[in-house]
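**Student:**
In the numbering used here, the protein residues as written are 1 to 222.
Here it is as structure tokens:
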């Protein structure tokens, strides 16, 4: 039986050395935050240096929160490989206007109409489900109730929010996301990733994949 492969995204990089470490560990994508209030925010020059340190098949993802189009266009010009990720109140039309693959983050507030949001953002390449804290667009370090994740997302689901090397295996077993997105869970300080924690995360994901791949199909979908 083929073993499932959960993709791994490490978000909030601020140093080229962390991009090099993520590449060595086999991470699939990294996130660059273009939101000035964040302790993980980067400049265009920082982003260029980080992307230059990535392996050729590691995808950079540029994260925005209700950003002005001029900023997004400048980032896309500087980072031609980047995928877009929107964490604010951007409409579907705003997300797709740049002609680039995009991800929409949805914060799992108690009153979110998730079915309506999934329909609204059906043009997204993926939907990222994140924890909700009022006034904080992401990076809370807190997890939400994974039982709220709909089974219908399948290959479009990116799971974020409080993931760590210690709990990512449980998340994969319960939710079966296509991608896990981790930031604070592999840090030594905000924006500074720990190579050891990244290695632990990758090992935990691969171990969980091996367990899931060993299950019969009916058990793996529960």
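All C-beta atoms in this analysis are idealised placements derived from N, C-alpha and C, irrespective of residue type, glycine included.
Using a Cβ-Cβ cut-off of 8 Å (strictly less than) and excluding sequence neighbours within five positions of residue 100, which residues of its own chain qualify?
**Tutor:** Same-chain partners within the cutoff: 76, 82, 83 and 84.
**Student:** Under three-state DSSP, which class holds residue 14?
**Tutor:** Three-state result, residue 14: coil.
**Student:** So, using beta-carbon positions, are residue 150 and residue 121 closer together than 7 Å?
**Tutor:** Result no, Cβ atoms of residue 150 and residue 121 do not sit closer than 7 Å.
**Student:** Check whether the segment 15 to 25 and the segment 47 to 63 touch, using three or more Cβ-Cβ pairs below 8 Å as the test.
**Tutor:** They touch, by the three-pair rule.
**Student:** Looking at the structure shown, is residue 6 part of a helix, part of a strand, or coil, going by DSSP?
**Tutor:** Note: residue 6 maps to coil in three-state DSSP.
**Student:** Kindly indicate which three-state DSSP category residue 164 falls into: helix, strand or coil?
**Tutor:** In the structure shown, residue 164 sits in coil (DSSP, three-state: anything other than H, G, I, E or B).
**Student:** Determine the burial state of residue 124: buried for a count of at least 16 other Cβ atoms within 10 Å of its Cβ, exposed for fewer.
**Tutor:** Residue 124 is buried by the Cβ-count criterion.
**Student:** The beta strand (DSSP E) that contains residue 181, what's its start and end?
**Tutor:** Start and end: 179 to 182.
**Student:** Under the three-state reduction of DSSP, which class applies to residue 172: helix, strand or coil?
**Tutor:** Note: residue 172 maps to helix in three-state DSSP.
**Student:** Would the C-beta of residue 209 count as close to the ligand HEM, meaning under 6 Å from any of its heavy atoms?
**Tutor:** Annotation note on the ligand HEM: not contained in the displayed structure, which lists no ligands.
**Student:** What residues in its chain sit with their C-beta under 6 Å from that of residue 118, if we drop five residues either side in the sequence?
**Tutor:** Closer than 6 Å at the Cβ level, and outside the excluded window around residue 118, lies no residue.
**Student:** Which residues mark the beginning and the end of the alpha helix (DSSP H) in which residue 77 is found?
**Tutor:** Per DSSP, residue 77 belongs to the alpha helix (DSSP H) from 69 to 78.
**Student:** So, for residue 16: in the same chain, excluding its five sequence neighbours on each side, which residues have a beta-carbon less than 6 Å away from its beta-carbon?
**Tutor:** Within the same chain, residue 16 has close Cβ partners 49, 50 and 53.
**Student:** Give the DSSP-derived three-state secondary structure of residue 103 in the structure shown.
**Tutor:** It is a strand residue.
**Student:** With 16 other CB atoms within 10 Å as the buried threshold, where does residue 116 fall?
**Tutor:** Exposed, by the Cβ-count rule.
**Student:** When you compare the CB positions of residue 192 and residue 12, do they come within less than 7 Å of one another, or not?
**Tutor:** For residue 192 and residue 12, no; Cβs fall outside 7 Å.
**Student:** Using a threshold of 7 Å, state whether the C-beta atoms of residue 201 and residue 211 are closer than that.
**Tutor:** Contact: no.
**Student:** Across which residues does DSSP place residue 64 in a beta bridge pair?
**Tutor:** According to DSSP, which records beta bridges pairwise, residue 64 is partnered with 86.
**Student:** Ends of the alpha helix (DSSP H) at residue 50?
**Tutor:** Segment 44 to 52, the alpha helix (DSSP H) holding residue 50.
**Student:** In angstroms, rounded to a whole number, what distance separates the CA positions of residue 166 and residue 204?
**Tutor:** For residue 166 and residue 204, the distance between alpha carbons rounds to 8 Å.
**Student:** Could you tell me the boundaries of the alpha helix (DSSP H) in which residue 32 lies?
**Tutor:** It is not in any alpha helix (DSSP H) - residue 32 instead sits in the beta strand (DSSP E) that spans 29 to 33.
**Student:** Give a yes or no on whether the C-beta atoms belonging to residue 14 and residue 40 are separated by under 7 Å.
**Tutor:** Yes, these two residues count as a Cβ contact at 7 Å.
**Student:** Does the beta-carbon of residue 224 have 16 or more other beta-carbons within 10 angstroms, so that it is buried, or is it exposed?
**Tutor:** With the chain running from 1 to 222 in the structure shown, residue 224 is simply not present.
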